[in-house]
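Report on the following structure.
There are 2 protein chains.
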Amino acid sequence: MTGNDLYEELTRHLSAVGSVRRKLGRILPAGCSDASATMLAVLGRHGAMRIGRLTELLGVDPSVTSRHAAQLTMLGWVDRKPDPADRRSSILRLTSEGHAQLAELSDRRSRELAARLAGWSDEDIRRLAWLLSRLRADFDAQRTGQHTFADPSEGARRPRTPAA
Amino acid sequence: MTGNDLYEELTRHLSAVGSVRRKLGRILPAGCSDASATMLAVLGRHGAMRIGRLTELLGVDPSVTSRHAAQLTMLGWVDRKPDPADRRSSILRLTSEGHAQLAELSDRRSRELAARLAGWSDEDIRRLAWLLSRLRADFDAQRTGQHTFADPSEGARRPRTPAA
DNA sequence: TATTGTTATACTCTATAACTATA
DNA sequence: TATAGTTATAGAGTATAACAATA
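First to last, the protein sequences are chains A and B. The letter at position 15 of the first sequence is residue 15 when you use UniProt numbering, and the numbering goes up by one with no holes. The letter at position 157 of the second sequence is residue 157 when you use UniProt numbering, and the numbering goes up by one with no holes.
This is the structure:
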């Protein structure tokens, strides 16, 4: 059962991330929930998109995305226009107010993180971000079955920059 | 504003950890909540302790620890005996049923993680666990004020093995 | 018939505030 | 008076299921 302790330790530290996230959440501007902040960040990073794409990127149920998107729209931070390619859907895009809110968020977070991570090198931060993105990518990948070994026809399929 | 993008990326990936944790939570045995699993793991790793210590380790409000500890006690997985040093408090300890439950949890998680992290080296896993523990430690540290620079009297106070 | 998204509902986790018992 | 822990309550975030509109 080699690696059991390794997994146990990783799981414990992953659980503890919640504490960090809650502390980061306390610096949010009034009226901006944690979920709103996350959604603004994704739209800011990846640009306009449909609910379905946002759902994938957030890793939640579509019903959750739908509710939060409605919230952001009501706040005037996100604009929806019909998707010409599929009338069941619409395109979400940050408004100028949304961009402003995101900028305010980023400023606050930068100040907080600069203080908290004073002892971290840029390389440390990049490494952590990279490992987390890889973790997320490996959990998003469909389990292809119960076989233990990878398909031999796929030599180096490990993504080098997952979800950049 | 150097490092802003670095921070933005880190924050986004930290948010995405929730998705990973929820997927790991789906393999829990019936009757064992995610919070229960976390508490069992901490008690298994650090041994018997009081509510206060558990509260620190979990990084939540004492009221939360109290409620979940009551739950685990009711399930028979944790035993409470009076703290001889302070009658306001009591000592929490895993019962044999608690140990068994924790073992079952660890087995399930090991299988899941072994499948998900097939492409990871032990070193990758250790590095991620280490960076997360350091992140947590730096967020737990009391902000000593608004000064930007560390107290010169403290040479190398960066913990080398935070919350091991 | 399948897919995209929405709504109603319920559940988990957490924080705040008020409280009890002991230090 | 201060501290350890408990309980009541409220709020945020998410999932499930049923549904509407369109592909």
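All residues carry an ideal CB built from backbone N, CA and C; glycine is no exception.
**OP:** Quick one: give me the first and last residue of the alpha helix (DSSP H) that H90 (chain A) is part of.
**Re:** Along the first sequence, read from residue 1 onward, the residue named residue 90 (chain A) stands at position 90. The sequence as given places Ser at residue 90 (chain A); His does not occur at that position. Annotation for S90 (chain A): no alpha helix (DSSP H) segment contains it, though the beta strand (DSSP E) segment containing it runs S90 to L94.
Original post:
Between the stretch 8-15 of chain B and the stretch 121-134 of chain A, are three or more C-beta pairs nearer than 8 Å?
Top reply: Flag = yes, the stretch 8-15 of chain B and the stretch 121-134 of chain A touch.
Original post:
From the DSSP output, which residues share a beta bridge with V78 (chain A)?
Top reply: On the first sequence, residue 78 (chain A) is found 78 positions in, with the first residue counted as 1. Beta-bridge pairing links V78 (chain A) to A:L94.
Subject >> Every unbroken alpha helix (DSSP H) inside the UniProt domain "HTH marR-type" (3-137) of chain A [4 residues or more] >> reply: Within the UniProt domain "HTH marR-type" (3-137) of chain A, the complete alpha helix (DSSP H) runs of at least 4 residues are 4-25, 34-46, 51-58, 62-75 and 96-116.
Original post:
Taking 7 Å as the cut-off, is the CB of R109 (chain B) close to at least one heavy atom of the ligand NAD?
Top reply: You won't find the ligand NAD in this model; it holds no ligand whatsoever.
Original post:
Alpha carbon to alpha carbon, what distance is there between E9 (chain A) and A129 (chain B)?
Top reply: As a working mapping, residue 129 (chain B) is identified with position 129 in the second sequence. As a working mapping, residue 9 (chain A) is identified with position 9 in the first sequence. Across the structure, A129 (chain B) and E9 (chain A) are spaced so that their CA atoms are roughly 7 Å apart.
Original post:
Can you find a CB in chain B that lies within less than 8 Å of the CB of L40 (chain A)?
Top reply: One-based indexing of the first sequence puts residue 40 (chain A) at position 40. So, not an interface residue.
Original post:
For M39 (chain A), does the count of other Cβ atoms within 10 angstroms reach 16, so buried, or fall short, so exposed?
Top reply: Counting from one through the first sequence, the residue named residue 39 (chain A) turns up at place 39. M39 (chain A) should be labelled buried.
**OP:** List the whole-angstrom C-beta distance separating residue 175 (chain A) from R50 (chain A), where the pair is believed to meet the contact cut-off of C-beta under 8 Å.
**Re:** Nothing can be reported for residue 175 (chain A), as the shown portion of chain A is limited to 1 through 164.
Original post:
Is there a Cβ from chain A that is less than 8 Å from the Cβ of G47 (chain B)?
Top reply: Working through the second sequence from its first residue, we reach residue 47 (chain B) at position 47. Interface annotation, G47 (chain B): not in contact with chain A, CB-CB separation never under 8 Å.
**OP:** Please compile the residues from chain A whose C-beta is within a distance smaller than 7 Å of the C-beta of residue 166 (chain B).
**Re:** The displayed coordinates of chain B run from 1 to 164. Any statement about residue 166 (chain B) would go beyond what the structure contains.
Original post:
So, is V20 (chain A) buried or exposed, given that buried needs 16 or more other C-beta atoms within 10 angstroms?
Top reply: As a working mapping, residue 20 (chain A) is identified with position 20 in the first sequence. By the 10 Å Cβ count, V20 (chain A) comes out buried.
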